[in-house]
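Colleague: With positions in the sequence shown counted from 1, the corresponding number in the working numbering is that position plus 180.
Ideal placement from N, C-alpha and C gives every residue a C-beta, glycine not left out.
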Amino acid sequence: MTISLKPLPFSPDALAPHISATTVQLHHEHHEAGYVDRVNRLVSGTKLANHSLEQIIAVARDLDDQTLFDMAAQAWNHSFYWSSLHPHGGGLPHGAVATLIDKDFGSYDTFAEQLHQAATSKFGSGWAWIVLQSGRLYVTATSNADLPSEEQIPLLVIDVWEHAYYMDHQYRRAAYVGAVIEHFLNWEFANERLRLAGEDNRAPPSRLATNGLSQRVI
Ligand code: FE
Numbered sequence: 181m182t183i184s185l186k187p188l189p190f191s192p193d194a195l196a197p198h199i200s201a202t203t204v205q206l207h208h209e210h211h212e213a214g215y216v217d218r219v220n221r222l223v224s225g226t227k228l229a230n231h232s233l234e235q236i237i238a239v240a241r242d243l244d245d246q247t248l249f250d251m252a253a254q255a256w257n258h259s260f261y262w263s264s265l266h267p268h269g270g271g272l273p274h275g276a277v278a279t280l281i282d283k284d285f286g287s288y289d290t291f292a293e294q295l296h297q298a299a300t301s302k303f304g305s306g307w308a309w310i311v312l313q314s315g316r317l318y319v320t321a322t323s324n325a326d327l328p329s330e331e332q333i334p335l336l337v338i339d340v341w342e343h344a345y346y347m348d349h350q351y352r353r354a355a356y357v358g359a360v361i362e363h364f365l366n367w368e369f370a371n372e373r374l375r376l377a378g379e380d381n382r383a384p385p386s387r388l389a390t391n392g393l394s395q396r397v398i
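Written out as structure tokens, the structure reads:
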């Protein structure tokens, strides 16, 4: 096995009632596990077999191998998503990320509105991100399995694929996104990512080739 399905950082019922245990379990044990399994099958017997997930993503991107990229990026995105949530998170941020939000968005309310807008207006399946680029925070959204650009270091993500919310909120993506922003965004994790981004900025350029993806915190 090259990569493995990481355990959830909280119990499956910890996000209920906003995100039910059933949704969390199906999401983790079937959707995410399916991506992990596909990556392992795709790299089995190849020179990528002992590479990290971040390295596999970088190689798939370089080789323009869309299938491998999609599966590997989805495995990474889901792991990052669970780390982006905390059962007692959400609401007002604290620490370094709070300072950046005030500086770059003017207020938490403006930030929350822009994140909600990015997550709800993304057409089809995708991801809404809070990213750091050149010392500034941005809200952005990507389609399907796509990651933020290589200049952007992800701090937090919200999965806006229908499987993330349809059982609990049906077509009301806005209700799910609102609940994540209000109750679950993991500000501790965002602050840890900011700290690591500071380290990354002092690292050799080759480390930046992995898009600021760090195995140490996911
Ligand atoms: Fe998902």
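Which residues in the same chain have their Cβ closer than 6 Å to the Cβ of Tyr356, if we skip the five residues on either side of it in sequence?
Modeller: For Tyr356, where only same-chain residues beyond five positions count, the Cβ hits under 6 Å are Tyr345, His349.
Colleague: Taking contact to mean at least 3 C-beta pairs separated by less than 8 Å, is the segment 258–278 in contact with the segment 235–247?
Modeller: Not touching, per the Cβ criterion.
Colleague: Buried or exposed: which applies to Ser394, given that a residue is buried once 16 or more other Cβ atoms fall within 10 Å of its Cβ?
Modeller: Summary for Ser394: the model assigns pLDDT 44, below 50, so the residue's position carries little reliability; its value from the coordinates is reported in the next sentence. That one is buried.
Colleague: Going by beta-carbon coordinates alone, are Gly306 and Val337 separated by less than 8 Å?
Modeller: It is not a contact, given that the beta carbons lie outside the stated cut-off.
Colleague: Measure the CB-CB distance between Pro197 and Trp262 and report whether it falls below 8 Å.
Modeller: No. Outside cutoff.
Colleague: Mind the definition here: the segment 354–368 touches the segment 287–306 only if three or more C-beta pairs lie below 8 Å; say whether that holds.
Modeller: Touching, per the Cβ criterion.
Colleague: Using three-state DSSP, classify Gln332 as helix, strand or coil.
Modeller: Three-state result, Gln332: coil.
Colleague: On the DSSP letters alone, give me the boundaries of the alpha helix (DSSP H) that Ser259 sits inside.
Modeller: Unbroken alpha helix (DSSP H) run through Ser259: 246–264.
Colleague: Using the Cα positions of Gly286 and Ala278, report the straight-line distance between them to the nearest angstrom.
Modeller: Spanning the two alpha carbons is a distance of roughly 11 Å.
Colleague: Kindly list the residues whose CB is nearer than 6 Å to the CB of Tyr318, restricted to its own chain and excluding five residues on each side of it in sequence; keep chain order.
Modeller: Excluding residues within five positions, the ones whose Cβ falls inside 6 Å are Val311.
Colleague: Can you check DSSP and say which residues form a bridge with Asp339?
Modeller: Trp307, per the DSSP bridge assignment.
Colleague: Is His258 near the ligand FE - that is, is its Cβ less than 7 Å away from at least one heavy atom of it?
Modeller: For the ligand FE, at least one heavy atom lies less than 7 Å from the Cβ of His258.
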